[in-house]
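Working notes for the structure below.
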Amino acid sequence: MAAVFALRSRCFGAAGGAEDAFDATSLHVLVIAQDTDTVVGSFRMSVLAGAQINSSYAALYYDLTALAQDAGRALELGRFCVHPDHADPDILRIAWAALTAYVDESGIEMLLGCASFEGTDAAPYLDAFALLKARHIGPSPRAPQVKADEVYRYAARLRRKVDLKKANTATPPLLRTYLLMGGWVSDHAVVDRVMGTLHVFTCLEIGAIPEARKKLLRALV
């Protein structure tokens with residue numbers, strides 16, 4: 306766990322690297338480089354069901370009441386990070402393969418969490434947010450409502466044509482992966498001054514993942 310906290314500090318700063326109450330009740334997944342024994346990736350996950358979603362980490366920032374009423378067995382992912390000196394796409398693939406195996410074994414129906422953009426200024430990410438607005442906003446009956454004190458209501462504010470190249474470049478790799486598998490996001494981003502990020506609530510319903518992509522992930526286990 307010391308290595309996990311050190312990696313978090315590299316990726317999120319001192320605040321993000323610190324242990325919190327959710328660490329004690331979470332399962333922690335580490336991706337380790339075989340040649341150096343360096344922890345090059347990590348995330349934590351917690352199994353939730355129904356009303357327990359209202360006690361999740363994401364629920365600190367988003368009103369998830371509607372989602373909790375209509376949710377089955379869910380898995381919350383958090384503090385997902387990849388070592389900045391190890392930009393190997395296989396790290397993310399291996400992490401998703403391990404996650405896929407756990408989802409299969411545990412009967413998980415939904416993944417949820419917060420996907421972060423570095424910094425608290427929305428300006429560099431306007432095309433990314435415009436793309437989220439155009440294609441990836443969650444279903445209104447279940448969509449998260451505003452809870453945090455400071456938010457960026459991109460779905461209500463943005464009126465721009467999407468530059469797809471800029472949007473894809475500006476979208477964090479983890480969020481791109483969620484979206485490629487059929488995930489959806491909140492219609493607003495939370496401005497997290499402590500972590501120094503903007504983040505959107507992200508949900509991926511397992512049944513929505515294309516079978517071909519599931520097969521690819523399972524093949525990596």
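The sequence shown maps to residues 306 to 526 in our numbering. Glycine is no exception: its CB is placed at the ideal position from the N, C-alpha and C atoms.
In the DSSP assignment, the beta strand (DSSP E) including G418 goes from what residue to what residue? The count along the sequence shown starts at 1 and reaches residue 418 at position 113. From DSSP, the beta strand (DSSP E) with G418 extends over 415-423.
Kindly provide the ranges of any alpha helix (DSSP H) runs that are 4 or more residues long and lie completely inside the region 388-476, ordered along the chain. 394-411, 431-440, 459-462, 469-475
For T476, count neighbouring C-beta atoms within 10 Å of its own C-beta (all shown protein chains included) and say buried if the count is 16 or more, exposed if not. By one-based count along the sequence shown, residue 476 stands at place 171. The residue is buried, with at least 16 neighbouring Cβ atoms inside 10 Å.
Note down the Cα distance separating G488 from C316, rounded to an integer number of angstroms. Taking the first residue of the sequence shown as 1, we reach residue 488 at position 183. Taking the first residue of the sequence shown as 1, we reach residue 316 at position 11. Looking at the two C-alpha atoms, the distance is approximately 24 Å.
Assess contact between the region 507-525 and the region 413-429, defined as three or more Cβ pairs (one per stretch) separated by less than 8 Å. Is contact present? yes
To the nearest angstrom, report how far apart G415 and T405 are at their CA atoms. By 1-based counting over the sequence shown, the position of residue 415 is 110. By 1-based counting over the sequence shown, the position of residue 405 is 100. The question names Gly, yet the displayed sequence has Met at residue 415. One C-alpha to the other measures close to 12 Å.
With a Cβ-Cβ cutoff of 8 Å, do L312 and H391 count as a contact? One-based indexing of the sequence shown puts residue 312 at position 7. One-based indexing of the sequence shown puts residue 391 at position 86. Result no, Cβ atoms of L312 and H391 do not sit closer than 8 Å.
Short Cβ contact (8 Å threshold) for I442 with A453: Here residue 442 is taken as the residue at index 137 of the sequence shown, counted from 1. Here residue 453 is taken as the residue at index 148 of the sequence shown, counted from 1. It is not a contact, given that the beta carbons lie outside the stated cut-off.
Those residues which DSSP pairs with L537 across a bridge: The shown model of the chain, from 306 to 526, leaves out residue 537, and the question about it has no answer.
Roughly how many angstroms lie between the CA atoms of V496 and G412, to the nearest whole one? Taking the first residue of the sequence shown as 1, we reach residue 496 at position 191. Taking the first residue of the sequence shown as 1, we reach residue 412 at position 107. Between V496 and G412, the C-alpha separation is close to 33 Å.
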